[in-house]
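There are 2 protein chains.
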Amino acid sequence: MSTPALTPTGRVILGMIALGRQTGYDIKQFVDKSTRHFWAASYGQIYPELRRLEDAGLITGQSEPTGGRARTVYELTDAGRAALGDWLEPEPDAIFEVRDESMLKLFFSDLGTSEQRIRNIRAMREAHEQTLAQLCSLEAKSEGHLHEGPGLTLELGIGLHRGIVEWCAATERRLAEEPPDAG
Amino acid sequence: MSTPALTPTGRVILGMIALGRQTGYDIKQFVDKSTRHFWAASYGQIYPELRRLEDAGLITGQSEPTGGRARTVYELTDAGRAALGDWLEPEPDAIFEVRDESMLKLFFSDLGTSEQRIRNIRAMREAHEQTLAQLCSLEAKSEGHLHEGPGLTLELGIGLHRGIVEWCAATERRLAEEPPDAG
DNA sequence: AAATGCATGTAAGACGTTACATGATTTT
DNA sequence: AAAATCATGTAACGTCTTACATGCATTT
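In the order they appear, the protein sequences are chains A and B.
Counting along the first sequence from 1, when you hit position 33 you're at 34 in the numbering used here, and nothing is skipped either side.
Counting along the second sequence from 1, when you hit position 67 you're at 68 in the numbering used here, and nothing is skipped either side.
Here it is in structure tokens:
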């Protein structure tokens, strides 16, 4: 028999606490700086989920105010470590979901003008160039840790966004060379 | 002033009807064969959303049974064409979301063994190899339409999944060469 | 006769974001 | 004195998946 399944947000929270993140606020900040590009979380999920994880006995929280400011510090229980260890095991049906509105617009772009299609690809490229720049600035700060988990996902994320940017650039050139209405 | 905003599932439905898909069932089948890898939709969303779009005056449905089997056929109204045209315009803040559980496991993989990390990357590669194979078989069927919308998104999807597969393969080799515990 | 495909739909629950609300501490 | 940061939380709403239920038509 195995430990009960973690909810989606529970997974990232448990992992973050295992990495030493202590408060809901702390977890949120760190998620935004590290896993956001492949696994996001909002306060509206995090705080209720911390309660549920505590009720389930996977974490324990202690009130540790800073001056007059309320603050709850969490750590893993043995059950929490076990649940995290179970979840960490590879599985063939792990979640992989993409929702890309620019690609959807591109998919339907035969319904618009060819000029609109090119502008859509350009907007797409610019958005991914921004994300790429953010990821690259993170990489610069984490020199020498590229064989560790966070370094590996960062490297993969950079590769993916760079791939999209390059495909967009190449496609922009290709479409510009083509006759606008070759039926 | 502009047309009212489309819901997420409304976007793909309106576009699919514009492409000639007539029934909810038809839309679902086609989504699964074309946009699924970057924009999915389920029956539980599609049928209620068809009602809402009709109530909003963006599509009209007619009952056209096949023998004794109920069947409702939809088409766009002028308002629907206008709403679709508006949405088709590029926007810098278009939705782009990824949720990749294998990457999350990889991110936290310092908490497990290095052998587990490699198995995780292998599982990840195998999953994406499957998706890649499916996309490639679609590409084989759509020869000569690669400058049209669906061809472009298919090409991009293939590139992305191929990129992931290659990164996994390269990283598997790299990690196999490394000492298992170089602190 | 059975299996597959066509076709529609709902109900329950899980999941998620956004906006709002509050207030202390620290930095500028 | 103001702005930014630390810190917690909720309510409303939007969205989505899953599982279930039904039944005809076509193919094997």
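We put the CB at the ideal spot given by N, CA and C, even for glycine.
Cutoff 8 angstroms: residue i Cβ touching any chain B Cβ
i, result
"SER110/A", "yes"
"THR54/A", "Before going on, a small fix: residue 54/A reads as Leu here, not Thr. Not one chain B Cβ lies under 8 angstroms of LEU54/A."
"GLY113/A", "yes"
"LEU85/A", "yes"
"THR172/A", "yes"
"THR10/A", "no"
Distance between beta carbons of residue j and residue i, contact taken as under 8 angstroms
i, j, result
"GLY152/A", "LEU136/A", "12 angstroms between Cβ atoms; not a contact."
"ALA84/A", "THR4/A", "4 angstroms"
"LEU105/B", "THR36/A", "6 angstroms"
"ASP111/B", "GLU92/A", "Wrong, their Cβ atoms sit about 19 angstroms apart, outside the cutoff."
"PHE31/B", "GLU102/A", "Not confirmed; about 18 angstroms, so no contact."
"LEU155/A", "GLY81/A", "In fact, because the Cβ distance is near 26 angstroms, the residues do not count as touching under 8 angstroms."
"LEU176/A", "ARG118/A", "7 angstroms"
"THR73/B", "GLN63/B", "7 angstroms"
"ILE47/B", "LEU54/B", "That pair is no contact at about 10 angstroms."
"HIS162/A", "THR114/A", "The Cβ separation is near 28 angstroms, so there is no contact."
"ARG99/B", "VAL99/A", "Strictly speaking, residue 99/B in this sequence is Val, with Arg absent from that position. Correct: roughly 6 angstroms between the Cβ atoms."
"ILE122/A", "LEU107/A", "7 angstroms"
"PHE109/A", "LEU51/B", "Actually they do not touch by this definition, with Cβ atoms about 18 angstroms apart."
Test: residue i CB closer than 8 angstroms to a CB of chain A
i, result
"PHE31/B", "no"
"LEU51/B", "no"
"GLY16/B", "yes"
"GLY164/B", "yes"
Listed by chain order, chain A residues near residue i by CB distance under 7 angstroms
i, result
"VAL13/B", "LEU105"
Residue i burial status per 10 Å Cβ neighbour count (16 or more: buried)
i, result
"ALA128/A", "buried"
"ASP56/A", "exposed"
"GLY164/A", "buried"
"ASP87/B", "exposed"
"LYS29/A", "buried"
"LEU147/A", "exposed"
"THR172/A", "buried"
"ALA124/B", "buried"
"GLY11/A", "buried"
"GLY25/A", "buried"
"GLU167/A", "exposed"
"GLY42/B", "Residue 42/B is actually Ala in this sequence, not Gly. Result: buried."
"ALA19/A", "buried"
Proximal residues of chain A, C-beta to C-beta of residue i below 9 angstroms
i, result
"GLU179/B", "HIS148"
Contact list for residue i against chain A, beta-carbon separation under 8 angstroms
i, result
"THR78/B", "Residues of chain A passing the Cβ test: none, with the nearest at roughly 15 angstroms."
Amino acids of chain B, ordered along the chain, whose beta-carbon sits closer than 9 angstroms to that of residue i
i, result
"ALA19/A", "PHE109, LEU112"
"THR4/A", "What THR4/A touches in chain B: nothing, since even the nearest Cβ is about 15 angstroms away."
Discussion item. Output needed in chain order: residues of the region 134-162 of chain B with a Cβ under 7 angstroms from some Cβ in chain A.
Written reply: HIS148, GLU149, GLY150, PRO151, LEU153, THR154, LEU157, GLY160, LEU161
Practice prompt. Give, in chain order, every residue of the region 89-105 of chain A whose Cβ lies closer than 9 angstroms to some Cβ of chain B.
Written response: LEU89, GLU90, PRO91, GLU92, PRO93, ASP94, ALA95, ILE96, PHE97, GLU98, VAL99, ARG100, ASP101, GLU102, SER103, MET104, LEU105
Item to complete: Residues of the region 116-127 of chain A with a CB closer than 9 angstroms to any CB of chain B: list them in chain order, please.
Response: The residues in question are GLN117, ARG118, ARG120, ASN121, ILE122, ARG123, ALA124, MET125, GLU127.
Worksheet item: When Cβ atoms are compared, which residues of the region 31-45 of chain B fall closer than 9 angstroms to chain A?
Response: Residues of the region 31-45 of chain B that bring their beta carbon within less than 9 angstroms of a beta carbon in chain A comprise SER35, THR36, HIS38, PHE39, TRP40, ALA41, in sequence order.
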